Amino acid sequence: MKRKVCEEGSVKIVSFDGGGYLGLASACFVEEIERYFKKTFHANFDLFCGTSTGAIIALGLASGMSGSEVRRLYEDLGPRIFWNKPAFMRHLRFVRGLLVSRYDDRPLRAALDKAFGQTRVGDIKRKGKFVLITAFSVSSGKPRIFKTDHAPELNRDDGYLVRDVALASSAAPTFLPLVKLKSPTSSVEERYCDGGVFANHPALLGYAEARFHLKVSAKDIQVLSVSTPRADLAERASTRNALQQFLLNRGVLLWGGRLFNIFVDATSDISHETLRRIAACDIGPATLYERLEVQRPHGIDIDVTTKKATETLCQIGSELAVDGGVRKRLEPFFN
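For the sequence shown, counting from 1, position 32 maps to 31 in numbering that gives the first Met the number 0; every step adds exactly one.
The structure is reproduced here in structure tokens:
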């Protein structure tokens with residue numbers, strides 16, 4: 000049975016972090032959770048939030064896709080977008096990324112077109128669901144949040160094609176080209192990049208949306224935040240070591256992909272701690288906010304789409320979903 004949006008003044012929020020092909024783990028998690036609880040995320044949640052790869056998942060589920068459909072979408076589009084055969088191509092692409100984007104976005108455009116077609120953001124609202132998707136407008140130099148027009152004061156985004164919003168949110172700097180979109184309510188055209196540059200963990204924005212625009216009391220908000228596998232960013236070696244002393248003065252090449260991970264993961268940590276504390280202050284420790292995180296194994300990254308990586312990511316997502324403690328934490332969301 001489909002849950003009505005803001006049923007009896009309450010709202011259930013699900014939020015998905017960004018992370019490229021790492022989103023496959025999130026998709027496999029959703030698939031397994033739906034199988035266990037015998038309920039779909041589409042039927043059970045009201046507000047779907049997403050950044051980058053999480054935007055694709057959030058928009059897919061909000062549009063009515065099942066977890067298994069989203070998982071198949073990822074397994075199909077991942078290797079098409081991040082084509083790295085032979086393996087050393089990925090290293091060559093890093094060098095290419097010093098000047099232009101590493102990958103062509105045409106395979107992603109084609110996959111999103113196939114998945115969403117002519118569906119518009121307003122069509123999601125007509126299904127009784129809300130979305131909140133992050134991107135960054137390079138044209139204005141400010142964050143951009145695409146959302147269903149779910150309040151009287153919101154009248155801007157219902158006309159956007161879902162596939163275009165997903166593409167804009169997923170345009171990771173240096174990995175994929177900027178995306179140009181024309182506003183459906185004006186002739187203004189803007190260029191966008193990945194929302195992960197400011198909100199890789201968009202659950203905090205979802206909570207604010209529920210409080211400010213949906214006018215829901217804090218005690219009636221439930222938030223489930225699903226992270227993509229996280230890298231270990233700690234550098235624990237002693238700086239007295241000669242190499243470590245040299246690395247204190249590192250430039251772009253020596254920072255490498257680590258710099259991108261630091262920017263993205265740091266915003267996620269801050270968002271998590273901020274939301275946890277705000278929720279606790281609003282109505283006390285009983286506030287239902289759950290954040291699910293797993294560590295990323297060595298050799299797995301946002302653009303690694305090998306058969307081994309695919310199997311590993313699916314295993315990570317499925318293992319998280321079958322964990323007894325995790326299932327217990329999720330019961331309030333699926334009751």
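The beta-carbon is built from N, C-alpha and C at its ideal position, and this holds for glycine as well.
These figures come from a predicted structure and were not determined experimentally.
Item to complete: Could you tell me whether the Cβ atoms of Thr311 and Ile299 are closer together than 7 Å?
Response: yes
Fill in: Cβ pair Val69, Leu223 closer than 7 Å
The answer is no: Cβ separation not under 7 Å.
Item to complete: Assign Ser14 to one of three DSSP states: helix, strand, or coil.
Response: strand
Item to complete: Compute the Euclidean distance between the alpha carbons of Tyr73 and Arg326, then round it to the nearest angstrom.
Response: 24 Å
Discussion item. For Glu292, which residues in the same chain have their Cβ closer than 7 Å to its Cβ, ignoring the five residues on either side in sequence?
Written reply: Ser226, Arg229
Fill in: Ala110 beta carbon less than 7 Å from that of Leu76
yes
Discussion item. Based on DSSP bridge pairs, tell me the residues matched to Gly49.
Written reply: The partner list for Gly49 (beta bridge, DSSP) reads Phe15, Ile132.
Worksheet item: Can you give the Cα-Cα distance for Ala285 and Ser25, rounded to whole angstroms?
Response: Note that Ala285 scores 47 on pLDDT, short of 50, meaning its location in the model is unreliable and no value can be drawn from it.
Worksheet item: How long is the line joining the alpha carbons of Thr173 and Asn334, rounded to whole angstroms?
Response: When rounded, the distance between both Cα atoms is 43 Å.
Practice prompt. Look up Arg290 in the DSSP assignment and give the residues it is bridged to.
Written response: Ser224
Practice prompt. If I'm right that Ser168 touches Ala207 with Cβ under 8 Å, what's the distance once you round it to whole angstroms?
Written response: With a Cβ gap of about 18 Å, Ser168 and Ala207 do not count as contacting.
Worksheet item: Comparing the C-beta of Lys307 with each C-beta of chain D, is any distance below 7 Å?
Response: Going by chain labels, chain D is absent from the structure shown, which holds only one protein chain.
Worksheet item: Mapping DSSP to helix, strand and coil, what is Val178?
Response: strand
Worksheet item: Within 10 angstroms of its Cβ, does Leu330 collect 16 or more other Cβ (buried), or is it exposed?
Response: The amino acid occupying residue 330 in the given sequence is Glu; Leu does not appear at that position. Classification of Glu330: exposed, given that the 10 Å Cβ count is below 16.
Worksheet item: Between the C-alpha atoms of Thr50 and Leu246, what's the straight-line distance to the nearest angstrom?
Response: 32 Å
Discussion item. When you compare the region 16-33 with the region 42-56, are there three or more beta-carbon pairs, one atom per stretch, that lie closer than 8 Å?
Written reply: As far as the Cβ criterion goes, the region 16-33 touches the region 42-56, which means the pair count is three or higher.
Worksheet item: From Pro183 to Arg79, what distance separates their C-alpha atoms?
Response: 30 Å
Practice prompt. Can you give me the Cβ contacts of Arg162 inside the same chain, cut-off strictly under 6 Å, excluding the 5 residues immediately before and after it?
Written response: Leu111, Asp112, Phe115
Worksheet item: Is it right to say Leu319 is buried, meaning 16 or more other beta carbons lie within 10 angstroms of its own, or is it exposed?
Response: Leu319 comes out buried.
Worksheet item: Where does Ala285 sit, in a helix, a strand or coil, going by DSSP?
Response: With a pLDDT of 47 at Ala285, under the threshold of 50, the modelled position of this residue cannot be trusted, and the question is left open.
Worksheet item: Going along the chain, which unbroken runs of the alpha helix (DSSP H) with 4 or more residues stay wholly within the region 61-127?
Response: 66-80, 88-95, 105-115, 120-125
Discussion item. If I measure Cβ to Cβ from Ala150 and keep anything under 6 Å in the same chain, skipping five residues before and after, which residues do I get?
Written reply: His212
Discussion item. Measuring straight from C-alpha to C-alpha, what distance separates Tyr102 and Arg95?
Written reply: Cα to Cα, the separation comes out at about 9 Å.
Practice prompt. Return the CA-CA distance between Lys124 and Ala54, expressed in angstroms with no decimal places.
Written response: For Lys124 and Ala54, the distance between alpha carbons rounds to 16 Å.
Practice prompt. Could you give the DSSP three-state label for Pro142: helix, strand or coil?
Written response: strand
Discussion item. Taking the alpha helix (DSSP H) that Tyr159 belongs to, which residues open and close that run?
Written reply: Tyr159 -> no alpha helix (DSSP H), and no H or E assigned at all.
Item to complete: Check each candidate in Thr305, Arg71, His41, Gln294 and name the one with the smallest Cα separation from Leu232.
Response: Gln294
Worksheet item: Short check: CB of Ala198 to CB of Leu274, under 7 Å?
Response: no
Worksheet item: Do you know how far the Cα of Lys307 is from the Cα of Tyr288?
Response: 33 Å
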